[in-house]
Amino acid sequence: MLIQPGFLILAVYLAWIYAQVVLIIVLLGALLSRNYHWRPQYVGLGVFAIAIGALLAVPLSKASLFSRARTEGPRTDSMTLQHRVTWSSHLVRRVIFMTTLPFAGLAYTLASPGASVNYMVPIILAGLVGFLSALAIAECNGLIMETFDTSDLQPGANTKHRLQSMASNIRRRRTNYSSFPRVCAGIFASQGLAFLFAAAATGVGSSMTRSLGAQAATGVVAGILLALTVLLILALWRFKSVQVIPNHTFGTRRGSKQWRGGSAATDDAYWKPVIIGNPSGKMRRMSLLELGAQSRWTEIRKLNKLIKE
1224 MLIQPGFLIL AVYLAWIYAQ VVLIIVLLGA LLSRNYHWRP QYVGLGVFAI
1274 AIGALLAVPL SKASLFSRAR TEGPRTDSMT LQHRVTWSSH LVRRVIFMTT
1324 LPFAGLAYTL ASPGASVNYM VPIILAGLVG FLSALAIAEC NGLIMETFDT
1374 SDLQPGANTK HRLQSMASNI RRRRTNYSSF PRVCAGIFAS QGLAFLFAAA
1424 ATGVGSSMTR SLGAQAATGV VAGILLALTV LLILALWRFK SVQVIPNHTF
1474 GTRRGSKQWR GGSAATDDAY WKPVIIGNPS GKMRRMSLLE LGAQSRWTEI
1524 RKLNKLIKE
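Residue numbers for the sequence shown follow our numbering, so the first one is 1224 and each next one is one higher.
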């Protein structure tokens, strides 16, 4: 999974969000304790603002302006063929809150110089970071699920079972739709990196604070997150038009002749092009993430014999 450039950018971006949240928890606790001379129980309440912000993001991550849910779904895939970007598109909504997150981290950096600023300012901004971080993490997990879910592309889901694989002519073989190995691998890889980055942030947080200062340390982390955000936006931009449906008439079984040198003797009588949804064309614009070797659309192109397996 990590060999795919698009997924690698997504995984590092998600992992860095974990690292930033952990670092802000550590630095906010140190700020309230040293500069504002709060007692430990009140320091804990102040840091609890990050959890409150993440809790407020839960309804929005389910169905709202910032989520993948739509009030009225598209009837065809023509939205992937249009060359213009609309304000209702997924990419625009993702760009809005993805770019807001690193700037919220930079705002927290500027608002944490010490006792000269009211203590509620860094607390509120830390809660905003928690809010946007929860939205970004939910969106990253959603991207992994919609990009690498191939459960409906198993043998028998959209092609005929061979007679030899059936138990009998009466009892049909069941197809399992609940296996998500690529999604599980993607979430495992991204979360594994996230925990490693969070552990590193915990370990180096104190040394960074001593060497650079709390403000500089937070600013460096937010700056790196901004660079990763730009890379992720580029990885999600659908820049390339790729053929996903063969040139033949839908439902015919002449497709394998073109791939196998045009020999009718090698034609597979059970092969049938895979058509997902209600396509309005044979081409689809794809992003770097969707062009990955393990992605859903690459698997569809393999089943349609448009690329070698």
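Virtual Cβ for every residue (Gly too), placed ideally from N, Cα, C.
In this text, all values refer to a predicted model and were calculated from it rather than measured experimentally.
With contacts defined as CB atoms closer than 8 angstroms, residue 1467 and residue 1505 qualify as a contacting pair. Per DSSP, residue 1257 has no beta bridge partner at all. Note that the C-beta distance between residue 1354 and residue 1277 is below 8 angstroms.
With fewer than 16 other CB atoms across the displayed protein chains lying within 10 angstroms of its CB, residue 1501 is exposed. Looking at the backbone, the Cα of residue 1244 and that of residue 1526 are separated by about 42 angstroms. As DSSP reads the structure, residue 1508 sits in a beta bridge with 1464. Runs of the alpha helix (DSSP H) spanning 4 or more residues and lying entirely within the stretch 1225 to 1259 occur at 1228 to 1257, in chain order. Burial is judged here by how many other beta carbons sit within 10 angstroms of a residue's own beta carbon; residue 1363 has at least 16 and is buried. With distances taken between CA atoms, residue 1509 lies nearest to 1229 out of 1229, 1224 and 1346.
When the alpha-carbon of residue 1371 is set against those of 1339, 1406, 1341 and 1340, the nearest one is in 1406. In the DSSP assignment, residue 1525 falls within the alpha helix (DSSP H) that extends over 1519 to 1526. Spatial neighbours of residue 1344 in its own chain (CB-CB distance under 7 angstroms, excluding positions within 5 residues in sequence) are listed in chain order as 1334. Around the beta carbon of residue 1356, 16 or more other beta carbons sit within 10 angstroms, so the residue counts as buried. Within the model, the alpha-carbon separation for residue 1348 versus residue 1421 is close to 20 angstroms.
Per the coordinates, the alpha-carbon of residue 1528 lies some 19 angstroms from the alpha-carbon of residue 1463. One Cα belongs to residue 1281, the other to residue 1237, and the distance between them is close to 17 angstroms. By the beta-carbon neighbour count (other beta carbons within 10 angstroms, threshold 16), residue 1404 is exposed. Counting along the chain, residue 1364 sits inside the alpha helix (DSSP H) bounded by residues 1343 to 1371. Bounds of any alpha helix (DSSP H) do not take in residue 1516, whose DSSP letter is neither H nor E. Taking a contact as a CB-CB distance under 8 angstroms, the pair residue 1416 and residue 1234 counts as one, their CB atoms being some 5 angstroms apart. Counting other Cβ atoms within 10 Å of its Cβ, residue 1469 reaches 16 or more and is therefore classed as buried. In the three-state reduction of the DSSP assignment, residue 1263 falls in the helix class. The three-state reading of DSSP puts residue 1444 in helix, counting H, G and I together.
Residue environment analysis places residue 1518 among the buried positions, since at least 16 neighbouring C-beta atoms fall within 10 angstroms of its C-beta.
In the three-state reduction of the DSSP assignment, residue 1436 falls in the coil class, being assigned neither a helical nor a strand state. The Cβ neighbour count for residue 1263, taken over all protein chains shown within 10 Å, is under 16; the residue is labelled exposed. Distances from the CA of residue 1430 to each of 1461, 1445 and 1246 were compared; the closest alpha carbon is that of 1246.
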